[in-house]
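Residue numbers (my numbering), protein chains in the order written: chain A, 7 to 164; chain B, 279 to 1069; chain C, 6 to 266.
By construction, the Cβ of each residue, glycine as well, lies at the ideal position given by its N, Cα and C atoms.
The structure presented is a predicted model; accordingly, all values stated were derived computationally and were not measured.
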Amino acid sequence: MTKTTMTVNGKPVAAETEGRTLLSAYLREGLGLTGTHIGCDTSQCGACVVHVDGKAVKSCSVFAQDVEGADVKTIEGMANPDGSLSVIQQAFQDNHGLQCGFCTPGMVMSSAALLAENANPTETEVRHYLEGNICRCTGYHNIVKAVMATSGQTVPAE
Amino acid sequence: MPKDGGIGESTKRREDIRFLTGKGRYTDDINLRGQAFACFLRSEVANGRINSIDTSAAMSMPGVLTILTGDDFTGMGGNPAGWLINSRNGEPMKEPKRPVLAHGKVRHVGDAYAMVVAETYGQARDAAAAIEADITELPAVVDMAKALADSTNLVHDEIGTNQCFDWGWIEDNRAAVDEAFKNAPHVTTLELVNNRLIPNAMEPRASLADYDAGTGDYKLYTTSQNPHLHRLLIAAFVMGMPENKLTVIAPDVGGGFGSKIYHYGEEAAVLAAAKAINRPVKWVAERSESFLSDAHGRDHVTKIELATTKDGEFLALRTETLANVGAYLSNFSTATPTFLHGTLMAGPYKTPLVYVNVKTVFTNTAPVDAYRGAGRPEATFSIERVVDKCARELGIDQAEIRRKNLLTPDQFPYTTPVGLVYDTGNYQATMDKMTELADLAGFEKRRAASAKNGKLRGLGLSTWIEACGIAPSNLVGVLGARVGLFDAATVRVNATGNISVMTGAHSHGQGHETVFAQIVAEQLGIPASSVEIVHGDTSKIPFGMGSYGSRSLAVAGSAMTKAVDKIIAKGKKIAAHMLEASEQDIEFKDGSFSVAGTDKAKTFGEIAFSAYVPHNYPLETLEPGLEETAFYDPANFTYPAGAYACEVEVDPDTGKVEITAFTCADDFGNVMNPMIVDGQVHGGVGQGIGQALLESTSYDENGQLLTGSYMDYAMPRADDVPFYTVDHSCITPCTHNPLGVKGCGEAGAIGSPPAVINAVIDALQRGGHTHVKHIDMPASPARVWAAINNA
Amino acid sequence: MYNFDLIKPKTLADAVAAMGDGAQALSGGQTLLPTMKQRLADPGTLVSLTGIPELQGVCQGDGGIIIGGATPHAVVAKEALKYYPALAALAGQIGDPAVRNRGTIGGSIANNDPSACYPAAALGSGAIIQTNAREIAADDYFLGMFETALDDGEIVTAVKFPVPQVAAYIKFVQPASRFALVGVFVAKFADGVRVAITGASNNGVFRWSEAEAALSANFTPDAIAGLTLPADDMIADLHGSADYRAHLCGVMTKRAVIAAG
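Printed below as a string of structure tokens:
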């Protein structure tokens, strides 16, 4: 075991790791940040997406030791400093962009990464960007709506 | 209506706050001091005889605490089927024992036969790999038709056959149906497959067991849609303990879709291990284990025939179906292809004569059970495909043939030829609404535009009905259910006027915490924020049958409103005492108890406070406290129905199907929270599109699962689906539950697959590929291309 | 997965030194990690290439653009745009955004998955694979499904792409994995056209020489209208028969020619 340090949600942290310790396990088991979820073992479902140095990555497919020293942001770090929901989180609630909530952390982190790259994505761009995040509950309708609403766009009425 | 949301408001979901901030508490997020980790060793062969299992090397591996095998559970009971089906000849179905861990034989790839418990999961997995099992591989039974013909290779040797039962519904009608076919002017025949699906709730199954050696009490945190059902099955049937020694807690659960209704062996195994090592034991499925061991869905092979007049009036319908139950009978597996399928074969139509035959087959594959819709998607797909084919054969418009045969509002209540009584409906209204919203009139113009781009555009319709709100104990009892299907709620008014509602429903995405609070708030005239919904814990909830079969609101919600009625009745007694009036003169409205015709009144809060500060109560006639429990058993199923339209563009060069529009017009009765209902339909349609175009579960002839990961099992992604148009403004309230509600959770998954496939066939037919009469699901690009080119 | 030691050198020289004794290079890991989770690999030592600055980046070099071996797909999608738009577009279609932020060109080329996108670009462009030891022409590098000319311990340090006059990559995705069921890279150089196809063949990425000849003479979709590939060596699986893949090769090649313009 080695001690691996990084910055998570703005705070310097450290936890014991083996070579095989995944970033997702480092967050969940090492730091108790259980908002990052594990939904598959083939790097496909996206429930584990976090930001590493500002980029969306699948934390189940990165070794903790390989991102030693990185600046990591998880779903627990997404709310506003006063604890209120950030704009994207609020849009997910306003548009019913989640049901069981299990894919939600990854979905929010991917959506935030998209909006950082592209402030005004089209429907097609949103759908394409989210292809690495699987949701079984929503049929994606309200997730796409939420992301577009975050960027101030009109979305299908219902 | 309360300011913060009552019945009919699209109140935002309160549970979202924790899910959006990473504070949800799913089973794997719960950690108990001293917990150890379990890993299951699973069969790599589909059918095999276990000669020996040597755990000695594994036991000496680092961190290993205990290893259990099938031998350790021979004293326990089997995991039972919840529904007894009798064959046409009167014989009861075959019920081979389903042990906690495979014993004697392994019967499907993924069948667990040993469990290692160690300090870490990695150690448990390392040790599992060191177990030496001597297993003789036997020929696998995979194909259903072959399985029935085979008397030498058996999944369960002790029952002497691979057939579970041969069911006829309704057997007494068979002769009349056959006679109608003999004399029919036209008969349409179609052979089709309802493809096997893997539910794939995004949270894999997980269990965390705890044992208190001091009291002998067990506690199980697990991914369950119905914790009381789990408690009953584990305690009474499998482990043989009093129910009061086991608490089952289903915390936040990341989707179920049926797969988390059932009790699985891993749950009993971790409980036994927790006792054996006197430490908590956690198991979390890897996704690859979920693919192999979660109960799969659908998997019917059906021949359906429709007899009609020359102008398309339905005269009779009959089907022959082979339904796969997999290697063991899962809890609902025998009900799904029978009473959730055969009883729906009249659909929304007037068809006077219907006969259904279902043979269920054991195979060396994972167990098959209810998956979103459960039997009703299979029925709807079969009916709507044969209706589509019939219309083409007779040259009748797709909408017209449906309108000609739909039941009309004056026919309700309507007794179907397959034993159900539809209480109410207006299928013309949803058909009209769909026609308008989908702009059927403008289709030809859109088709021409697609043609200019080299694409074939098609339009598919489906009209559907389902029986849901799975309940009536008296009805399901007659039909073979071994449990009652009522539900329960306790409404506890606390002294300061806020309320805890303990409901027997379980929310794993449906938003009960929000919408149930809306209903109670409306009934009591108080803010919804004063109402808290408690679910998922057998130590807190009086009883409950959980959430599946679109039953939460219609059954558990009704129990809740009944309990609130009792609260109001008790409140009137208290008000009568406080206001020195007769109980008969007390009126309750907008959160206030008043004496009729006076301005004397007490607020709900004052009544609540008084109930817990009962100074001067006449104790002989008025008990302190304000808490009521109600059990509710409905008189009938509820019968939501709707009309769907799907438009597709097919690329004839690649066979790729793109859904360009999907329209749903549904009748769910009264709607409590339109936003949540919309979301339920979206999700169901998404899964239905998955079944129709993407999802295929494939076993090879040796019983190896070829689609065992997301690399080969195609889940619908955001770019596979369009924005859906969803409407539920056509309302015929349910006639027999207090809220007038019907179920909405399964609708989308039931109504959408035939609409998609009908649209694909329509596109190909209009595109000149008139030889294509049917394509089995999923209509993958390869299949569509092959259909086009295999003239 | 099996445990291992992770080494993260800061220079190529240190990485090469660490690669002795059966160590495995880790260059993004988007394929390697899932493989290790299934316990299909037990490398003992993993040498991470993600912390080596000299393996990073996209730049213009002699005879083409040079992409460092540890450059993530997302960086290529962005930074190669001005030099080689078809290559950038291809990089932007690999996996999904999160995978593109970790997965690297060197990792992809070294793995040579028969359905991966980058091999089509490398072979279709006539790229040069640069390693710590040598330069290998793409035509000599891809030896079949998951097989390359790399020796044990050899590290892909960069890939040099000659830039064609026009080019395009058209990918028809396998519906589950989103890898290429068939992907065709067409590149028109002054001295002729190259057509490389991934996803289709049991032998991995390959060049369709008949199509190259026809397109070199006449760079229009009509030029290959009559050409078909034999289905004999095509992959047949759940997602498509050999015939279907052979057919798609033609369709996607035509579409790539149209897209290249």
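So, at 6 Å on beta carbons, what are the nonlocal neighbours of residue i in its own chain, with the 5 sequence-adjacent residues on each side left out?
i      : result
B:E469 : K581
A:K61  : none
B:N451 : Y633
A:A97  : A152, A155 and T156
B:A484 : T305, D306, T501 and V562
B:K850 : E861 and I864
C:V189 : I175, I202, M257, T258 and A261
B:D221 : Any question about residue 221 of chain B goes unanswered here, given that chain B covers just 279 to 1069.
Taking the alpha-carbon positions, what's the residue i to residue j distance?
i      : j       : result
A:Y135 : C:P90   : 19 Å
B:G789 : A:C143  : 12 Å
C:P226 : C:T258  : 8 Å
B:M838 : B:V639  : 40 Å
B:A657 : C:M6    : 44 Å
B:L593 : B:P630  : 6 Å
B:K723 : C:L253  : 30 Å
A:V73  : B:F315  : 27 Å
B:H508 : B:Q958  : 25 Å
C:G108 : B:A1060 : 29 Å
C:I240 : C:A93   : 27 Å
B:P477 : B:Y649  : 6 Å
B:A295 : A:Q99   : With the sequence shown as reference, residue 295 of chain B is identified as Ile, and Ala is not the correct amino acid for it. Cα-Cα distance, rounded: 8 Å.
C:A125 : C:A205  : 11 Å
B:A336 : B:G534  : 34 Å
B:D911 : B:A749  : 7 Å
By Cβ distance below 7 Å, which residues in the same chain neighbour residue i in space, the five residues on each side in sequence not counted?
i       : result
B:A624  : V632, T694, P695 and V696
C:D248  : A236
B:A1037 : G736, L737, G738, C924, E925 and V926
Take the Cβ of residue i as the centre, count every other Cβ of all protein chains shown within 10 Å, and call the residue buried at 16 or more, exposed below.
i       : result
A:K64   : buried
C:A185  : buried
C:K87   : exposed
B:V756  : exposed
B:M245  : Past the edges of chain B, shown from 279 to 1069, lies residue 245 of chain B, and the structure says nothing about it.
B:A847  : exposed
C:N223  : exposed
C:C64   : exposed
B:T430  : exposed
B:N602  : buried
C:F151  : exposed
C:S214  : exposed
B:E1024 : buried
Pull up the CB-CB distance for residue i and residue j, whole angstroms please, since I reckon it's below 8 Å.
i      : j      : result
B:G736 : B:V963 : No, B:G736 and B:V963 are not in contact; Cβ-Cβ is about 17 Å, not under 8 Å.
B:P615 : B:G575 : Going by Cβ atoms, the distance from B:P615 to B:G575 rounds to 11 Å, so no, they are not a contact pair.
B:D404 : B:S321 : Going by Cβ atoms, the distance from B:D404 to B:S321 rounds to 19 Å, so no, they are not a contact pair.
B:A908 : B:G822 : Incorrect: roughly 12 Å between the Cβ atoms, too far for contact.
B:S808 : B:G775 : 7 Å
C:A172 : C:V191 : 6 Å
For residue i, write down the residues that DSSP places opposite it in a beta bridge.
i      : result
C:E152 : C:G149
B:C942 : B:Y922 and B:V1004
A:A31  : Paired residues: none, contrary to the question.
B:L362 : Partner(s): none; B:L362 has no beta bridge.
B:N635 : B:G446 and B:E598
Who are the near neighbours of residue i in its chain, counting only those whose CB is closer than 8 Å to its CB and skipping five residues on each side?
i      : result
B:G382 : R327, I328 and G348
A:N127 : Per the sequence presented here, residue 127 of chain A reads as Pro, with Asn not at that position. Only L120, L121, Y135, V153, M154 and S157 meet the Cβ criterion.
C:T136 : L155, E159, I160, V161 and T162
C:A219 : A228, I229 and L232
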